[in-house]
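So the protein lines, in turn, are chains A and B. Okay, so the first sequence: first residue is 1 according to full-length UniProt numbering, each after it adds one. Okay, so the second sequence: first residue is 1 according to full-length UniProt numbering, each after it adds one. Glycine residues also receive a C-beta, built at the ideal position from the N, C-alpha and C atoms. Since we're looking at a predicted model, the values are computed, not measured. Single-structure report; data block below.
Number of protein chains: 2
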Amino acid sequence: MDGFSCAATVLADASAKIIDGKLVAKQIREEVGVEIARMKDTIGVVPGLAVILVGSRKDSQTYVRNKKKACDAVGIKSYEVNLPEDASEYEVIKHIATFNDDPSVHGILVQLPLPRHMNDENILNAVSIEKDVDGFHPVNIGRLAMQGRDPFFVPCTPKGCMELLHRSGVEIKGKRAVVIGRSNIVGTPAALLLQKANATVSIVHSKTKNPEEITRQADIIIAAVGVANLVRGSWIKPGAAIIDVGINPVDDPASPRGYRLVGDVCFEEASKVAGAITPVPGGVGPMTIAMLLSNTLDSAKRIHKFK
Amino acid sequence: MDGFSCAATVLADASAKIIDGKLVAKQIREEVGVEIARMKDTIGVVPGLAVILVGSRKDSQTYVRNKKKACDAVGIKSYEVNLPEDASEYEVIKHIATFNDDPSVHGILVQLPLPRHMNDENILNAVSIEKDVDGFHPVNIGRLAMQGRDPFFVPCTPKGCMELLHRSGVEIKGKRAVVIGRSNIVGTPAALLLQKANATVSIVHSKTKNPEEITRQADIIIAAVGVANLVRGSWIKPGAAIIDVGINPVDDPASPRGYRLVGDVCFEEASKVAGAITPVPGGVGPMTIAMLLSNTLDSAKRIHKFK
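What follows is the structure, given as structure tokens:
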């Protein structure tokens, strides 16, 4: 597949509504900011988010810096721990335990990926489920999967996908939904969320034999597989709503950086068939941090019983 | 729908292979018995299963009695606590805590349904996840949903469904599977198990608009919805494998009891289209207790590091 351009020619008749994630994320950040100010004024509590970063990956440092900036902007106090690449699992868990016990911290986030010598599972399980703002703890995933139970937190990216659907007026109940990809961080929780919202959900993955045929039945598509332009126009039912979680770099000599970012969905083709679609970038991306802020606020509200 | 007989006439050309759950369950009980004898001979440990029954529902008493009998037959020591209908949640949890700490108990089961004044969630969460042989704890469901994680225990009925598929030689990887029903006890974990086995899974439920159309795409159907004869012949792809979890009483004046049991699938019609099908009774039913014995054995082996 030609990852650079999926459509032979870009025509001007694109008809899908573009779901503007940047705008929605901005609205949410503003709403969160207002609530935080109200909480501070009423009970004097400021939400706190602790971020633990291990090692010195450039991309992880950028993510952590962006999270801190976003916290500052809405009035969340952020706490940061930076550990060297060769830190021990025990050291990381010790810092988590300290934050678990710290009443000024309402959310704890361990930046992934962790160095290879660490066991993600041991570390993520150490985060108190009441402060697990990433929603990755198995108890939170289990509650998400179960009828009549609710997780303390829903993972930020799939929560952002749902928020984009809700705020774009896409009906979910009774609709066919296809999730492409089944990662613990996006695909699986996205499928569970759609299911909780009473969609009829199918999950398409690398072992699926006829992904195009199944995807074409969907009224709602969430693509989170990490393959540039995988979903072509022919995969899409006319009028479907598409949430594209993929952010894939493809070579682009015309760009000053030498590459550009594309989604898992061929936007040029899809936007002519779909009813609504998120762009890449500017779709799901900005929602993840907005949802992290929202989860941190919710946690502080729950812990302090503030309504 | 006429729940008594779904097919106008029962023809003699039925072609589906009948999956004999009674026979498979018997084989599994024998295998479990052999392993228990080997463990006892080698390390002197006998697996123990504790069952807590609250109230005096006749059906629950029968289930508990059958579980005890099945334990006796394979060499599992059973511990039983019977509490009155008006027992407090605290009393139940106290008994659970005692069994959690008792090294001779490897599995703890709280017979459902509990009296209405009790909160199922509080009680089931009190069972140590290492002794949760029913597999209903959110941590076990969460691990079941997650890639790269495994639950300590898989709920008995859906585990029994998978075992029937495996032992009948039904290939799962890459196949389309439809689960009808999304209960915490059967439908949801069955879908997660099929997904872990690399099927492409869709879940059909009460809000699904075109259940017949979706079900007809499936190579594997697990029906667990509790509606007599819901799945008709026209819902089934020729050659599909069908696991029918439903056990629904329907009036039958010809029966001495005045009723008979039928599944969620119209057997008379389905057996002419399907490649393989479980009967009701005698299909999934006998598997549940066999899987409970198997889970209890696995727990004792894990706790005592016996291979």
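Would you kindly check if the distance between the Cβ of residue j and the Cβ of residue i is under 9 Å?
i	j	result
residue 100 of chain B	residue 78 of chain B	no
residue 322 of chain B	residue 284 of chain B	The displayed coordinates of chain B run from 1 to 307. Any statement about residue 322 of chain B would go beyond what the structure contains.
residue 108 of chain A	residue 52 of chain A	yes
residue 146 of chain B	residue 141 of chain A	yes
residue 66 of chain B	residue 149 of chain A	no
residue 281 of chain A	residue 242 of chain A	no
residue 295 of chain A	residue 156 of chain A	yes
residue 210 of chain B	residue 263 of chain B	no
residue 276 of chain A	residue 236 of chain A	no
residue 173 of chain B	residue 135 of chain B	no
residue 297 of chain B	residue 32 of chain B	yes
residue 43 of chain A	residue 267 of chain A	no
residue 255 of chain A	residue 130 of chain A	no
residue 301 of chain B	residue 35 of chain B	yes
residue 231 of chain A	residue 215 of chain A	yes
residue 68 of chain B	residue 80 of chain B	yes
For residue i, which option in the options has the closest C-alpha, if you only look at C-alpha atoms?
i	options	result
residue 175 of chain B	B:187, B:68, B:191	B:191
residue 56 of chain B	B:74, B:37, B:85, B:291	B:85
residue 58 of chain A	A:76, A:47, A:215, A:111	A:111
residue 204 of chain A	B:198, B:29, B:38	B:198
residue 212 of chain A	A:185, A:44, A:233	A:233
residue 308 of chain B	B:265, B:299, B:88	Residue 308 of chain B is absent from the structure shown; chain B starts at 1 and stops at 307.
residue 29 of chain B	B:298, B:172, B:289, B:193	B:289
residue 24 of chain B	B:34, B:33, B:276, B:286	B:286
residue 238 of chain B	B:218, B:249, B:73	B:218
residue 96 of chain B	B:126, B:303, B:170, B:6	B:126
residue 137 of chain A	A:189, A:116, A:303	A:189
residue 15 of chain B	B:37, B:274, B:301	B:274
residue 83 of chain B	B:38, B:41, B:115	B:115
residue 304 of chain B	B:64, B:39, B:68	B:39
residue 223 of chain A	A:69, A:207, A:102, A:186	A:186
residue 17 of chain B	B:208, B:207, B:169	B:169
residue 87 of chain A	A:64, A:118, A:63	A:118
residue 161 of chain A	A:62, A:103, A:193, A:98	A:193
residue 171 of chain B	B:26, B:37, B:240, B:103	B:240
residue 103 of chain A	A:208, A:26, A:45, A:6	A:45
Check the C-beta distance from residue i over to residue j and give it rounded, since I have them as a contact under 8 Å.
i	j	result
residue 278 of chain B	residue 244 of chain B	5 Å
residue 167 of chain A	residue 195 of chain B	Residue 167 of chain A to residue 195 of chain B, Cβ: 29 Å. No contact.
residue 76 of chain B	residue 47 of chain B	5 Å
residue 153 of chain A	residue 132 of chain A	6 Å
residue 139 of chain B	residue 50 of chain B	Their Cβ separation, rounded to whole angstroms, is 19 Å, which puts residue 139 of chain B and residue 50 of chain B out of contact at 8 Å.
residue 89 of chain B	residue 123 of chain B	6 Å
residue 293 of chain A	residue 74 of chain A	5 Å
residue 201 of chain A	residue 202 of chain B	7 Å
residue 164 of chain B	residue 21 of chain B	6 Å
residue 260 of chain B	residue 250 of chain B	6 Å
Under DSSP, the alpha helix (DSSP H) around residue i begins and ends at which residues?
i	result
residue 308 of chain A	Lying before the first or after the last residue shown, residue 308 of chain A is absent from chain A, which here runs from 1 to 307.
residue 70 of chain A	58-74
residue 125 of chain B	120-125
residue 215 of chain A	211-215
residue 97 of chain B	89-101
residue 282 of chain A	No alpha helix (DSSP H) holds residue 282 of chain A; DSSP gives it neither H nor E.
residue 140 of chain A	138-145
residue 130 of chain A	Looking at the DSSP string, residue 130 of chain A is not in any alpha helix (DSSP H), and its letter there is neither H nor E.
residue 160 of chain A	156-167
Just curious, the beta strand (DSSP E) that residue i is in, first and last residue?
i	result
residue 260 of chain A	259-262
residue 53 of chain B	48-54
residue 297 of chain A	Element bounds for residue 297 of chain A: not the beta strand (DSSP E) but the alpha helix (DSSP H), 285-303.
residue 77 of chain B	77-83
For residue i, write down the residues that DSSP places opposite it in a beta bridge.
i	result
residue 107 of chain B	B:49
residue 200 of chain A	A:176
residue 244 of chain B	B:223
residue 277 of chain A	A:18, A:242
residue 150 of chain A	None, per the DSSP bridge assignment.
residue 250 of chain A	A:260
residue 265 of chain B	B:231
Tell me whether residue i, by its Cβ, gets closer than 8 Å to a heavy atom of the ligand NAD.
i	result
residue 178 of chain B	This structure lacks the ligand NAD; in fact it carries no ligand of any kind.
Kindly list, in the order they appear in chain D, the residues whose Cβ is closer than 7 Å to that of residue i.
i	result
residue 138 of chain B	Judged by its chain identifiers, the structure shown contains no chain D, and its protein chains are A and B.
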